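Residue numbers for the sequence shown follow the numbering used here, beginning at 344 and rising by one.
All C-beta atoms in this analysis are idealised placements derived from N, C-alpha and C, irrespective of residue type, glycine included.
These numbers were taken from a predicted model, which means no experiment stands behind them.
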Amino acid sequence: MPDTYNYPAEIVRDEDGRHVVAFPDFGWGATDGESRDEALAEARDLLRELIAATIREGGDLPEPSRGGKGRPLVVPPVQIALKAALYEAWRRAGVSQRGLARDLDVAESEVRRMLNPEHSTKTATLDRALRQLGKRVTVTVGEAA
Numbered sequence: 344m345p346d347t348y349n350y351p352a353e354i355v356r357d358e359d360g361r362h363v364v365a366f367p368d369f370g371w372g373a374t375d376g377e378s379r380d381e382a383l384a385e386a387r388d389l390l391r392e393l394i395a396a397t398i399r400e401g402g403d404l405p406e407p408s409r410g411g412k413g414r415p416l417v418v419p420p421v422q423i424a425l426k427a428a429l430y431e432a433w434r435r436a437g438v439s440q441r442g443l444a445r446d447l448d449v450a451e452s453e454v455r456r457m458l459n460p461e462h463s464t465k466t467a468t469l470d471r472a473l474r475q476l477g478k479r480v481t482v483t484v485g486e487a488a
């Protein structure tokens, strides 16, 4: 299970001079921008969608490879990173949605919403569910790129 959902992006210029961004760890999807900064802003939205699509399809989230020169790390929105962490922890625990709901003393529909990448869930609720699955959330704040 990844402990971070920051993925390296590859950026190339296309024949029109636009900056095209892709995430090799996922193997599909791309976005672009007129400038490198615009392309990286769009990449954050793309990364959110790549993670959400993987969750919706019930797939495995790829382990992020290393960033490096020419491969900047893109940080997804906090909500989708927490949903990804919950999704991965829930799958690894091998517990049903009904079982997790029972453990959290909530309705099963609440667990379905927690695992739904399109549904907004309070951070405290996701944190509580992650703790129930043996995980803890930590926050690191760094300088803006």
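With DSSP run on the structure shown, which of helix, strand or coil describes residue 356?
If you number the sequence shown from 1, residue 356 lands on position 13. Reduced to three states, the DSSP call for residue 356 is strand.
Could you give the distance in angstroms between the alpha-carbon of residue 396 and the alpha-carbon of residue 370?
Here residue 396 refers to the residue found at position 53 when the sequence shown is read from its first residue. Here residue 370 refers to the residue found at position 27 when the sequence shown is read from its first residue. Between residue 396 and residue 370, the C-alpha separation is close to 13 Å.
Whole-Å CB distance - residue 427 paired with residue 398, under 8 Å assumed
On the sequence shown, residue 427 is found 84 positions in, with the first residue counted as 1. On the sequence shown, residue 398 is found 55 positions in, with the first residue counted as 1. 7 Å between Cβ atoms; contact.
Leaving out five residues before and five after residue 348 in sequence, what residues of the same chain have Cβ atoms less than 6 Å from its Cβ?
To locate residue 348, count along the sequence shown from 1; it is residue 5. Answer for residue 348: 419, 424 and 427, listed in chain order.
Please confirm whether residue 374 and residue 385 have their CB atoms less than 7 Å apart.
Looking up residue 374 in the sequence shown gives position 31. Looking up residue 385 in the sequence shown gives position 42. Yes, Cβ-Cβ distance for residue 374 and residue 385 is below 7 Å.
Should residue 362 go down as buried or exposed, given a rule of 16 or more other Cβ atoms within 10 Å for buried?
On the sequence shown, residue 362 is found 19 positions in, with the first residue counted as 1. When all chains shown are included, residue 362 counts as buried.
Can you check whether the CB of residue 454 is closer than 7 Å to the CB of residue 467?
Sequence index remark: in the sequence shown, residue 467 carries index 124 (1-based). Sequence index remark: in the sequence shown, residue 454 carries index 111 (1-based). No. Outside cutoff.
Would residue 390 and residue 417 be called neighbours here (beta carbons separated by less than 7 Å)?
Here residue 390 is taken as the residue at index 47 of the sequence shown, counted from 1. Here residue 417 is taken as the residue at index 74 of the sequence shown, counted from 1. Going by C-beta atoms, residue 390 is nearer than 7 Å to residue 417.
Just list the residues that DSSP pairs residue 320 with in beta bridges.
Because residue 320 is not part of the residues shown, which for the chain are 344 to 488, the question remains open.
Looking at the secondary structure, which residues open and close the beta strand (DSSP E) in which residue 448 lies?
Within the sequence shown, the letter at position 105 stands for residue 448. No beta strand (DSSP E) contains residue 448, which DSSP labels as neither H nor E.
Looking only at its own chain, which residues have a Cβ that is under 8 Å from the Cβ of residue 457, when we skip the five neighbours before and after it?
Reading the sequence shown from its first residue, position 114 is the one you call residue 457. Excluding positions up to five away in sequence, the list reads 426, 429, 464, 468, 469 and 472.
Where DSSP assigns a beta bridge to residue 351, which residues make up the other side?
Position 8 of the sequence shown, counting from 1, holds the residue named residue 351. Bridge partners of residue 351: 416.
Please return the same chain residues whose Cβ sits closer than 7 Å to the Cβ of residue 414, not counting the five positions on each side in sequence.
For the purposes of this step, residue 414 is taken as residue 71 along the sequence shown, with counting starting at 1. Same-chain partners within the cutoff: 351, 352 and 353.
Return the CA-CA distance between residue 422 and residue 461, expressed in angstroms with no decimal places.
Here residue 422 corresponds to residue number 79 of the sequence shown, with the count starting at 1. Here residue 461 corresponds to residue number 118 of the sequence shown, with the count starting at 1. One C-alpha to the other measures close to 10 Å.
Counting only the same chain and skipping the five closest in sequence on each side, list residues whose C-beta sits under 8 Å from that of residue 409.
Mapped onto the sequence shown, residue 409 falls at position 66. The answer, listed in chain order, is 351.
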